[in-house]
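Heads up, the sequence shown is in the working numbering, so the first residue is 503 and it goes up one at a time. Positions of the beta carbon are idealized from the N, C-alpha and C atoms, including for glycine. Fair warning: this is a prediction, and the values are worked out from it, not measured in the lab. Beneath this line is the structure, given in structure tokens, with notes to follow.
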Amino acid sequence: MNLNITHRPRRMRKSKSVRDLIQETTLDISQLVFPVFVKGEGNIPEKIDSMPEIYRWPINLLVPKILEWKELGLTSFAIFPQIHQNKKCDQGIEFLNPDSLVYQAAKEIKASVSDVILIGDLALDPYTSHGHDGVLSENGEINNDKTVEILSNGALLSADAGYDFLAPSDMMDGRISAIRKKLDQNNMIDTGIISYSAKFSSAYYGPFRDALGTGHKTPIDKSTYQLNPKNAREAKRELALDFEEGADILMVKPAEPYLDIINYAKSNFNIPVAAYQVSGEYSRIWAAHQNGWLNLELCALESLYSIKRAGADIIFSYFAEKLAFKI
Ligand code: PBG
């Protein structure tokens with residue numbers, strides 16, 4: 503039977519070379535950021551139960567490890583500190599200690615590794631005993647403006663320690679302009695800002711909170727500052743504000759559940775868009791793989807390609823090391 507049809511799109515899929523010829527989305531390892539956990543104690547890497555193959559690294563092993571990762575082609579690292587419980591308090595003051603773990607890590611890496619991009623997360627949750635990203639007022643609510651002041655001071659310490667980009671992940675109002683102003687006043691004009699602009703109040707952060715010990719027995723509710731997963735318009739407003747306030751890169755987080763927001767950011771602002779494939783996105787693929795239900799590498803790649811296709815220029819991913827040979 504001849505269908506007598508004009509269009510036969512399957513012609514464009516008839517062989518691997520034709521499929522490769524018309525492939526629309528590509529991934530390059532230079533576009534991946536590898537999130538790294540660092541710890542203050544011990545001298546062996548420590549497993550994180552809910553994140554297979556991801557470790558907390560003591561500083562003395564981190565520098566050689568970064569050199570190894572660079573051999574794989576990875577160039578950008580986001581550093582997250584696990585702060586010892588006895589250094590945490592309700593004000594998170596350890597964040598303003600210039601010798602704190604996260605600053606020490608950057609100094610040591612920058613002293614020994616050339617051509618590496620370090621991204622410093624700015625938020626108080628690793629440092630506060632209550633696990634919130636900001637300080638609380640007497641009534642127990644987040645004190646936005648006080649938190650922004652602390653973050654701006656921490657931004658200077660981070661820039662000073664050698665971070666190339668600062669990534670405020672706190673979702674306080676007005677923090678991008680305050681941080682930019684503080685950096686500029688102190689001549690840190692080359693330190694950039696990757697703003698977690700559309701950061702949703704997501705259940706997918708669970709394994710990350712295990713990794714840093716910022717989780718609490720009852721899941722901590724950040725919905726007075728992180729975005730409601732049901733809202734797109736509100737996310738668009740946050741993106742616009744951070745763009746106007748001077749962010750160099752806009753970030754959407756989590757990534758795969760929010761492809762619509764990534765696509766909006768890409769289409770509406772002429773600056774790079776980053777997406778953070780968060781811990782729970784990583785662990786759900788791993789868990790299904792461990793059950794024999796999904797193919798780990800294929801699903802991880804499909805996830806990354808979908809994030810890229812939606813419009814992300816840069817992807818933060820815990821799969822970066824594992825997939826370095828595949829992309
Ligand atoms: C904290 C922060 C979080 C993540 C990055 N920075 C967790 C949170 O907001 O509770 C999550 C990253 C991940 O899940 O991989 N400011």
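Non-local beta-carbon contacts of threonine 693 in its own chain, meaning distances under 6 Å to residues more than five positions away in sequence, involve Ala661 and Leu685 in chain order.
Distance from the CA of serine 679 to the CA of valine 650, rounded to the nearest whole angstrom, comes to 10 Å. Distance between glycine 636 and glutamate 746, taken at the CA atoms: about 23 Å. Not one heavy atom of the ligand PBG is found less than 8 Å from the C-beta of glutamine 687. For the stretch 646 to 734, the full-length alpha helix (DSSP H) segments reaching 4 residues or more read 646 to 663, 677 to 687 and 708 to 714 along the chain. Residue burial is scored here from C-beta neighbours: histidine 509 has fewer than 16 other C-beta atoms within 10 angstroms and is therefore classed as exposed. Residue environment for phenylalanine 597: buried (at least 16 other C-beta atoms within 10 angstroms of its C-beta).
Under DSSP, alanine 790 takes part in no beta bridge, so it has no partner.
Closest option to isoleucine 809, judged by alpha-carbon separation, among Asn730, Leu529, Ser639 and Gln687: Leu529. When the beta-carbon positions are compared, isoleucine 816 and valine 535 come within less than 9 Å of each other.
Taking C-beta separations shorter than 8 Å and ignoring five residues to either side along the sequence, the partners of isoleucine 621 in its chain run Val535, Ser578, Phe579, Ala580, Ile581, Tyr665, Asp666, Phe667, Leu668, Ala669 and Ile696, following chain order. For leucine 564 and alanine 777, the gap between their C-alpha atoms comes out near 25 Å. Within the DSSP bridge table, the entry for glutamate 548 names Arg558 as partners. The beta-carbon distance between phenylalanine 818 and tyrosine 784, rounded to whole angstroms, is 11 Å. This is too long to meet the 8 Å contact definition.
When secondary structure is reduced to three states using DSSP, glutamine 593 falls in the coil class, being assigned neither helix nor strand. The beta carbon of alanine 705 sits closer than 8 Å to the beta carbons of Pro721 and Gly782 from its chain, once the five residues preceding and following it are set aside; these are given in chain order.
In the structure shown, proline 774 adopts coil according to DSSP, grouped into three states. In the three-state scheme derived from DSSP, where H, G and I count as helix and E and B as strand, leucine 638 is classed as strand. Sorting Lys612, Leu761 and Gln584 by C-alpha distance to the C-alpha of serine 805 places Leu761 at the top. Under a 10 Å Cβ-count criterion, valine 520 is classified as exposed, with fewer than 16 other Cβ atoms of the shown protein chains found around its own Cβ. With fewer than 16 other beta carbons inside 10 angstroms of its own, proline 600 counts as exposed.
DSSP places leucine 534 in the strand class (E or B) of the three-state scheme. The continuous alpha helix (DSSP H) containing isoleucine 809 extends over residues 798 to 812. Taking the Cβ of glycine 656 as the reference point, every heavy atom of the ligand PBG lies at 8 Å or farther away. Relative to the ligand PBG, the beta carbon of valine 637 is positioned no closer than 8 Å to any heavy atom.
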